[in-house]
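Read the structure below first, then the notes.
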DNA sequence: ACCAGTGTTAACGTGGCGTCAAGATCACGG
DNA sequence: CCGTGATCTTGACGCCACGTTAACACTGGT
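Chains as they are written, first to last, in this note's numbering: chain H, 1 to 225; chain A, 1 to 225.
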């Protein structure tokens, strides 16, 4: 089932979208401002995002940039008829499509289908393998030496973010925000504890990590080996 | 260079697109009806297609279907304002975007960029390469001779600013402000120390820098080699 | 030869990281 | 309703390395 995240502060639009999307067998998640929208994006992992530019708390273009920093999930922007420069800015920031209000529901649904279709030939390899263990993102399973490794929910959440961004450095703020939530962005302690847990369960030599690397002062990085 | 095929029977639009696209360094190929358009598609192998639905010889939706039979090249549909059902049909037939006439050229160009960006395999890797090392801005990673170079947060911050402004002179004030903060604008010492660090880690001959150049009295410049 | 701007080096204090372990909280079955 | 694990939170501590700083050497221009 395709999951859609709708970020919009207008109740009427939110309601209309929820009804229409649900009727067409989409799973709908909603948020009503930019900050919670970014959080929902990380938590719900939708297949496509419908984003209203006129949010109360953030500039819509900044929301797009924030999302494009770590995922290429399709973004369809919704906005009141306005300057052409706004469209250009949104599209150049990484939006995939731009629909002006008032819009026809059928058209939006068609654009939604187009966006999902485009993204579907998945660039996602759901299973990541190293020399010592494998991570199956779809099945949420980790195997080492042929047998499953038991991970707690928090451990898995942390590993998932790191593996999804494999090769890239993930800042502490981003990790805390995506695994624990908005308000935990300063609790650097959690990271140290849980990275240690993961290393003990996955690394061949936990004291000298090969995959879960620390970048002092900046964050952590999952190296594919 | 990105190659664009424009299929349109209106000379004025064709002309306007050709001028604007050429000015922006696109390679432009044109066709004025559906049949020759399909032929041009196969022959020219464009990176993106701009297709007017109102062609004299074929229904636009059939053109889209014909193309989608063998390639997933992005298609941006152009059409006179009309029924919503037409948009839906075009999008469901495999079009990627739909722009109604009259349209703003800037918006069309932005949608074009979005379509090309989406289609390109790696959504542009912001990797800057020199003969001696590479800097990956997204992954926050620097590699030299195939292996990663460890940079401290300050070193990375400094390098990032310089690389983002590659080729251009960056003043000391600007560097200090962006890496250390507003109130450090006079601490010229920091720059000398950390530029030295970077040169030791990156330059083939640190005493005679090739990439991290000093502009006496002004600031520093990153030269791509 | 002098000066201003620059490069180099080393010492010191602190912040961040890994580690451990004990309390708090939750989930589940008796 | 309580007990028992498992999981999550929180705090403490040692250690290393990063940032800061200062002292000194160098270079080109006048």
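Note that CB positions come from ideal geometry on N, CA and C, so glycine has one too.
Mind checking whether residue i and residue j have CB atoms under 8 Å apart?
i                      : j                      : result
residue 49 of chain A  : residue 76 of chain A  : yes
residue 127 of chain A : residue 2 of chain A   : no
residue 95 of chain H  : residue 64 of chain H  : yes
residue 213 of chain A : residue 221 of chain A : yes
residue 219 of chain H : residue 169 of chain H : yes
residue 51 of chain A  : residue 60 of chain A  : yes
residue 178 of chain H : residue 195 of chain H : no
residue 202 of chain H : residue 133 of chain H : yes
residue 181 of chain A : residue 84 of chain H  : no
residue 17 of chain H  : residue 6 of chain H   : yes
residue 111 of chain A : residue 53 of chain H  : no
So with Cβ pairs under 8 Å, would you call residue i a contact of chain A?
i                      : result
residue 41 of chain H  : no
residue 217 of chain H : yes
residue 168 of chain H : yes
residue 111 of chain H : yes
residue 59 of chain H  : no
residue 200 of chain H : no
residue 212 of chain H : no
residue 84 of chain H  : yes
residue 114 of chain H : yes
residue 18 of chain H  : no
residue 131 of chain H : no
residue 45 of chain H  : no
residue 15 of chain H  : no
residue 122 of chain H : At residue 122 of chain H the pLDDT is 46, less than 50, meaning the model places this residue with poor confidence; the figure from the coordinates comes in the next sentence. So no, residue 122 of chain H is outside the interface.
Residue range of the alpha helix (DSSP H) that residue i falls in?
i                      : result
residue 194 of chain A : 188-202
residue 161 of chain H : 153-164
residue 35 of chain A  : 34-44
residue 168 of chain A : Neither: residue 168 of chain A is in no alpha helix (DSSP H) and is coded neither H nor E.
residue 106 of chain A : 105-119
residue 84 of chain A  : 84-93
residue 62 of chain H  : 60-68
residue 227 of chain A : In the structure displayed, chain A extends from 1 to 225; residue 227 of chain A sits before or after that span and is not available.
residue 17 of chain H  : 11-23
Compare the C-beta of residue i against all C-beta atoms of chain H and say whether one is closer than 8 Å.
i                      : result
residue 104 of chain A : yes
residue 87 of chain A  : yes
residue 2 of chain A   : no
residue 65 of chain A  : no
residue 231 of chain A : Residue 231 of chain A lies beyond the range of chain A shown here (1 to 225); nothing can be said about it.
residue 96 of chain A  : yes
residue 92 of chain A  : yes
residue 138 of chain A : yes
residue 107 of chain A : yes
residue 141 of chain A : yes
residue 118 of chain A : yes
How would you call residue i, buried or exposed, if buried means at least 16 neighbouring beta carbons within 10 angstroms?
i                      : result
residue 193 of chain A : exposed
residue 41 of chain A  : buried
residue 19 of chain H  : exposed
residue 227 of chain A : With chain A covering only 1 through 225, there is no way to say anything about residue 227 of chain A.
residue 189 of chain A : exposed
residue 11 of chain H  : exposed
residue 79 of chain H  : buried
residue 205 of chain A : exposed
residue 172 of chain A : buried
residue 102 of chain H : exposed
residue 187 of chain A : exposed
residue 25 of chain A  : exposed
residue 8 of chain A   : buried
residue 227 of chain A : Here chain A comprises residues numbered 1 to 225, so residue 227 of chain A is not present and cannot be evaluated.
residue 118 of chain H : buried
residue 215 of chain H : buried
residue 46 of chain A  : buried
residue 70 of chain A  : exposed
residue 93 of chain A  : buried
residue 31 of chain A  : buried
Could you give the first and the last residue of the continuous beta strand (DSSP E) run that contains residue i?
i                      : result
residue 79 of chain H  : 75-80
residue 52 of chain A  : 48-52
residue 101 of chain H : 97-101
residue 137 of chain H : Run containing residue 137 of chain H: none; DSSP gives neither H nor E here.
residue 221 of chain A : 219-222
residue 150 of chain H : Per DSSP, residue 150 of chain H belongs to no beta strand (DSSP E) and is neither H nor E.
residue 214 of chain H : 212-215
residue 30 of chain A  : 27-31
residue 3 of chain H   : 3-7
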